[in-house]
Amino acid sequence: MSDRFFVFLGGLFGFWGVAAAAAAAHITGTGPLATAASFLLVHAVLLVALPAVLNAWIAHRGLMRIGGWVLAAGVFLFTGDLTLRALVEHGLFPMAAPTGGVLVMLGWAAIGTSGLVSSRL
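Quick note on the numbering used here: the sequence shown kicks off at 46 and runs consecutively.
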């Protein structure tokens, strides 16, 4: 899949983040939905910027791509579960949010490590 898909996911997460922030402000108040909104907005910026970093060849591209995909999956699970719990009082599945959180951490670790590994591998 093209690196441009990261931009699409970033836009999707940004849209979802703004919608979640508005819903948190007007419907549910602070709590899980506000947390989901913050996560979505922060990680939307990362996903939109990721292709530029990949094309600059300043990090190991394969490891950075893997990190991006793992992080995107984690953000989807974590924020999807929080959003559903806040709005319909039922999550995706048991342990979806913690699983997503661990994936986000692993994704960030892979992205960070990609800067230490030679980009010529």
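Glycine included, C-beta positions come from ideal geometry on N, C-alpha and C.
Contiguous alpha helix (DSSP H) elements confined to the region 46–74 occur at 49–68, taking only those with 4 or more residues. Of the candidates GLY74, GLY112, ALA104, GLY112 places its Cα closest to the Cα of HIS88. One alpha carbon belongs to ALA94, the other to VAL63, and they sit about 18 Å apart.
Within the same chain, and ignoring the five residues on either side of ALA65 in sequence, the residues whose Cβ sits closer than 7 Å to its Cβ are LEU78, ALA81, ALA82, LEU85, THR128. By the 16-neighbour rule on beta-carbons within 10 angstroms, LEU161 is exposed. PHE84 sits in a helix when the DSSP states are folded into three classes. Setting aside the 5 residues that flank it on each side, THR124 is surrounded in the same chain by ALA81, PHE84, LEU85, each with a C-beta closer than 6 Å to its C-beta; the list follows chain order. Taking C-alpha positions only, LEU137 is separated from ALA131 by approximately 12 Å. With 16 or more neighbouring CB atoms inside 10 Å of its own CB, ILE156 falls in the buried class. In this chain, the alpha helix (DSSP H) harbouring ILE156 covers 141–159.
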